[in-house]
Amino acid sequence: MRRFVRSHATELALLAVIAVICVFLSFATDRFFTLGNAFDLLNTSSVNIIFAVGLLVVLIAGGIDISFAVAASVVQY
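Position in the sequence shown (from 1) plus 119 gives the number in our numbering.
This is how it looks when you write it as structure tokens:
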């Protein structure tokens with residue numbers, strides 16, 4: 120366990136910062152941890168999620184072509 124913590128210290132620190140921000144925002148406003156907010160987050164990021172799942176299939180299959188993600192994100196806007 121100690122070896123895991125030492126090798127992933129940066130990721131664990133980032134996770135701790137995100138958790139602290141979430142706790143702070145949940146106390147600061149009453150609409151942070153609501154079902155409506157979760158649906159809004161899913162609605163705004165649904166296109167990126169679809170592209171990410173498609174790219175994941177390509178990466179798992181071994182045809183690594185990450186330029187698709189760049190082209191898709193530029194075309195989105």
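Using N, Cα and C, we set each Cβ at its ideal position, and we do this for glycine too. Owing to the predicted nature of the structure, the values given are computational and were not obtained by experimental measurement.
9 Å Cβ cutoff met for residue i and residue j
{"i": "residue 186", "j": "residue 167", "result": "no"}
{"i": "residue 124", "j": "residue 131", "result": "yes"}
{"i": "residue 151", "j": "residue 161", "result": "no"}
Own chain, CB closer than 6 Å to residue i, minus 5 neighbours either side, in chain order
{"i": "residue 173", "result": "none"}
Contact set for residue i: own chain, Cβ-Cβ below 8 Å, skip 5 residues either direction
{"i": "residue 156", "result": "150"}
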